[in-house]
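Structure first, then comments.
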Amino acid sequence: LEEGVDWAAMSQLLAAAGFGGVERVRLCCGVHNSLRPCRYEEEETFLLQVHGRQRVLLFPPAASFDGLYPYPAHHPYDKHAMVDLEQIDEVRFPKAGSLASGTVAILEPGDVLYVPAFWWAHAQLLERENAWLHVTTGTGARVRAPGAEELHASRMVEERVVELEGQQASKAFLEMVAVASEAHHVDMGTVRGVQQIQLATQVRDELDSQCGRGAWARVLPRIVEGRLERTPWLDASIENPLLLADRPFFVPDTRTEEQILFPELYRHAETGGKINKNAAAPAPKEYFRDDAVDW
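So the sequence shown is numbered by the numbering used here: it starts at 1 and just counts up by one.
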């Protein structure tokens with residue numbers, strides 16, 4: 001990786017274009033016809049094709065609430081689109097049917113694709129073996145991509161509301177704020193009621209500061225529509241079934257204080273029950289159990 005990329009020249013180009021420095025580099029690999037789900041990053045991203053080819057489909061941030069339906073910020077699939085672009089469900093996601101065509105880029109070895117922050121990228125690998133570098137940089141002096149205001153603001157609003165109201169009540173709360181009816185549903189005589197009124201004001205102020213004066217009345221319904229629903233098959237309270245569920249658990253240490261201070265006096269050989277002064281100190285016991293789901 002150090003020899004295959006002229007990092008010095010890249011750093012100069014990044015600085016000249018107003019980007020921050022390189023923050024993270026990942027080597028990614030995949031096989032023919034593999035798909036990378038449609039998702040966005042909050043950072044500026046560069047895809048450097050090393051081997052093979054891939055087709056990348058890009059959507060601007062404006063498509064977020066006009067067809068892609070982002071998963072909520074608190075969801076395990078945060079930053080991914082709820083819509084399956086390979087098989088669009090127009091009944092569940094009616095706006096997806098009118099989703100405008102994205103921009104397609106075919107990357108070959110030596111090509112570099114710049115994906116601005118909050119732009120959506122969906123990729124298909126085209127060769128038997130494929131490898132590329134996923135390079136993340138700081139924003140630097142660059143301004144946010146046009147149309148990213150709503151998506152950026154929605155993240156801040158969702159995180160703040162979930163912190164006070166919880167995941168299951170977040171949608172109902174935002175729907176109430178969207179029509180400015182919180183005064184009719186909140187008990188102002190309680191501490192929680194006062195906190196909810198303050199939160200509603202903060203939500204509207206945040207959206208106005210990000211998207212323009214009075215924008216909350218337009219943006220909030222877009223943020224809520226078709227989103228913020230609980231997904232029983234994958235919630236924040238359970239483990240992702242696509243990941244290994246094997247995890248360590250530790251046996252409590254029941255030794256006395258003397259046994260901890262002078263383990264060599266209490267360490268016996270496996271046979272004979274005699275003290276073995278040459279035995280190695282015991283390592284902490286760690287066991288694994290298989291909690292994987294039943295396939």
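All C-beta atoms in this analysis are idealised placements derived from N, C-alpha and C, irrespective of residue type, glycine included.
These figures come from a predicted structure and were not determined experimentally.
Item	Value
Secondary structure of T201, DSSP reduced to three states	helix
Reduced DSSP secondary structure (H/G/I, E/B, other) of V261	The sequence shown places Leu at residue 261, not Val. It is helical.
Proximal residues to G97 (C-beta, below 6 Å), its chain only, five neighbours per side dropped	E90
L58, DSSP secondary structure in three states	strand
Integer Cβ distance of V222 from F65, believed to fall under 8 Å	According to the sequence provided, residue 222 is Arg. The question's Val does not apply to it. That pair is a contact at about 4 Å.
Nearest to E43 (by Cα), restricted to the options Y71, P109, W120	W120
Neighbourhood of W7 by C-beta distance below 8 Å, restricted to the same chain and skipping five residues each side	V22
Exposed unless 16 or more other CB atoms sit within 10 angstroms - verdict on R227	buried
Collapsed DSSP secondary structure at W317 in the structure displayed	The structure shown does not extend to residue 317, since the chain is modelled only from 1 through 295, so no value can be given for it.
CB-CB length for V203 against G193, believed under 8 Å	Incorrect: roughly 16 Å between the Cβ atoms, too far for contact.
Beta strand (DSSP E) segment containing Q168, residue limits	Careful: Q168 lies outside any beta strand (DSSP E), inside the alpha helix (DSSP H) at 167-178.
Three-way DSSP call (helix, strand, coil) for G30 in this model	strand
Helix, strand or coil at W298 according to DSSP, with G and I counted as helix	This structure cannot speak to residue 298, because the chain is shown only from 1 to 295.
Three-state class that DSSP yields for Q87 in the structure shown	coil
Between the CA atoms of D205 and A17 - distance to the nearest angstrom	32 Å
Beta-carbon proximity list for E182, same chain, < 7 Å, skipping 5 on both sides	M176, Q196, I197, A200
Residue burial classification, T137 (beta-carbon count within 10 angstroms, cutoff 16)	buried
Residues that DSSP places opposite H80 in a beta bridge	R39
Contacting residues, own chain, Cβ-Cβ under 7 Å from V224 (five flanking each side not counted)	K171, L174, E175, A178
Cutoff 7 Å: P37 Cβ touching any chain D Cβ	Of the protein chains in this structure there is only one, and it is not chain D.
Inter-residue Cα distance where the pair is E149 and D111	29 Å
Rounded straight-line distance, which links the Cα of E108 to that of E129	12 Å
Beta-bridge partners of H184, as assigned by DSSP	According to DSSP, H184 bridges with nothing at all.
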